[in-house]
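Residue numbers (our numbering): 522 to 983.
Dropping the structure here:
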């Protein structure tokens, strides 16, 4: 125990502020401030654990490294667990990775340690600024047998997070050798909110391998994040207090490049800042085994009211489900509208919205890709359904589609398994449906079908 614990060294001349086999602080009634802490394993040794508890504040300006040591024979060594607890916690870098198996023989990679950060005062805050890495070590093979990589470690942030610079979290498993499996990924868990320091600036990059990523609180609700990138995960989920939160995730852009399980978010907003008038919306691309999303808005912003400027173009929306029986579940509003032009200024273009796989409607879905109004109306974006569409309850959930001068294309049967409720097409250039004629009972089956406007050709098979 101690009142305050501090470490000050000559930055640049010292390899590490503190280097030890392990480091434990069980109590401190004041502030703990360290420049760096290394418990990395020696040659052929596991990494040492780091456990720090400080009542007021915990500040680590450098790196905590508890990685497994390099091996001269045998399997890779495990990283040590890192547990940080303080009234508020600020830490720049943490590495708890396992080391690689010894090359030239059959050796699995070492498992990563876990990372757990907990802020405990009345208004707790965890401040992040760089890289937090708990990756498994790579496996090694003599050249015949497939050898697995080490497991990644769980990374958990128990309280509100603030990003003061671009931040990455990696809990993926180590690579396998000779066709061996990658190690299982650790979960990345945000138990509360996440906010940037400067609106639409600080980014968040997440890689969990086969681990899950969970957002338990609103992301960007107070200060929107910059780009959010999910490189890999088993499942991606977000749970917030529905109805009381404006958006589950608010960021400059959101990209998920890989996901082997289910992606489920309550809402996602990449709308431009209120000062960014006449600016384009950001593109949204979601890819997962199955994808469920409540709302997406990528609309361009309106031109300034006295400037005669053009409206901003909308971003695109692309959703792709990739497992053996993929499903995209829709339940609300998907908007990629162009911004309004001022005076003679043209309206912004609408953005394309594309659903690449079979759709199930959990409730009526509204999709709008129309161009913004102005001196001339912006071009509409296309609405593309690349596969089938079905309701959840027969003759209940419907579609409300507005494409302006964009096209609407149905590539698969609509309502073939479970008939839709009302289908309403408010505007489109061309409307087309292509199915296997003769083998499908009907191209479109719904309680009602209304097309109130279309400036081109409407062509349906049945």
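Even glycine gets a Cβ: it sits at the ideal position worked out from N, Cα and C.
Option nearest residue i by Cα separation, candidates the options
i, options, result
"residue 716", "743, 928, 669, 836", "743"
"residue 900", "923, 914, 910, 882", "923"
"residue 697", "871, 731, 580, 668", "668"
"residue 940", "950, 704, 919", "919"
"residue 635", "625, 588, 593", "588"
"residue 750", "579, 726, 917", "726"
"residue 554", "844, 686, 582", "582"
"residue 806", "839, 912, 822, 933", "839"
"residue 511", "674, 700, 881, 722", "For residue 511 there is no data in the structure shown, the boundaries of the chain being 522 and 983."
"residue 908", "852, 819, 934, 573", "934"
"residue 731", "714, 694, 747", "694"
"residue 910", "936, 657, 896, 593", "936"
"residue 722", "813, 685, 835, 754", "685"
"residue 755", "800, 789, 709, 770", "709"
"residue 574", "600, 595, 605", "605"
"residue 719", "650, 610, 782", "650"
With 16 other Cβ atoms within 10 Å as the buried cut-off, status of residue i
i, result
"residue 938", "exposed"
"residue 889", "buried"
"residue 767", "With a pLDDT of only 41 at residue 767, under 50, the local geometry of the prediction cannot be trusted, and no value is derived from it."
"residue 826", "exposed"
"residue 586", "buried"
"residue 665", "exposed"
"residue 563", "exposed"
"residue 541", "exposed"
"residue 845", "exposed"
Under the three-state DSSP convention, the category residue i falls into
i, result
"residue 639", "strand"
"residue 940", "coil"
"residue 714", "coil"
"residue 580", "strand"
"residue 721", "coil"
"residue 556", "coil"
"residue 748", "strand"
"residue 646", "coil"
"residue 934", "coil"
"residue 694", "coil"
"residue 708", "coil"
"residue 861", "coil"
"residue 600", "coil"
"residue 539", "strand"
"residue 687", "coil"
"residue 925", "coil"
Boundaries of the beta strand (DSSP E) in which residue i is found, first to last residue
i, result
"residue 770", "770-777"
"residue 841", "838-842"
"residue 950", "Premise fails: residue 950 is in no beta strand (DSSP E) and is neither H nor E."
"residue 913", "That residue, residue 913, is in no beta strand (DSSP E); it is neither H nor E in DSSP."
"residue 806", "805-809"
"residue 628", "Note, residue 628: premise wrong, no beta strand (DSSP E); not H, not E."
"residue 614", "603-616"
"residue 825", "It is not in any beta strand (DSSP E) - residue 825 carries neither H nor E in the DSSP assignment."
"residue 650", "Looking at the DSSP string, residue 650 is not in any beta strand (DSSP E), and its letter there is neither H nor E."
"residue 683", "682-684"
"residue 967", "967-972"
"residue 668", "From DSSP, residue 668 is part of no beta strand (DSSP E); its letter is neither H nor E."
"residue 816", "Taken as a continuous stretch (DSSP letters only), residue 816 belongs to no beta strand (DSSP E), as it is neither H nor E."
"residue 567", "That residue, residue 567, is in no beta strand (DSSP E); it is neither H nor E in DSSP."
"residue 676", "676-678"
"residue 755", "Looking at the DSSP string, residue 755 is not in any beta strand (DSSP E), and its letter there is neither H nor E."
"residue 875", "874-876"
"residue 854", "854-856"
Cα-Cα separation, residue i to residue j
i, j, result
"residue 810", "residue 804", "20 angstroms"
"residue 984", "residue 711", "Shown here, the chain extends from 522 to 983; a query on residue 984 therefore has no answer."
"residue 777", "residue 967", "33 angstroms"
"residue 847", "residue 876", "11 angstroms"
"residue 870", "residue 878", "25 angstroms"
"residue 688", "residue 648", "10 angstroms"
"residue 965", "residue 703", "44 angstroms"
"residue 949", "residue 891", "9 angstroms"
"residue 691", "residue 632", "13 angstroms"
"residue 872", "residue 856", "9 angstroms"
"residue 624", "residue 882", "52 angstroms"
"residue 887", "residue 894", "20 angstroms"
"residue 628", "residue 663", "9 angstroms"
"residue 547", "residue 672", "28 angstroms"
"residue 614", "residue 590", "18 angstroms"
"residue 670", "residue 842", "27 angstroms"
"residue 819", "residue 971", "26 angstroms"
"residue 539", "residue 642", "27 angstroms"
"residue 921", "residue 714", "33 angstroms"
"residue 897", "residue 867", "5 angstroms"
"residue 752", "residue 738", "21 angstroms"
"residue 652", "residue 947", "48 angstroms"
"residue 610", "residue 579", "5 angstroms"
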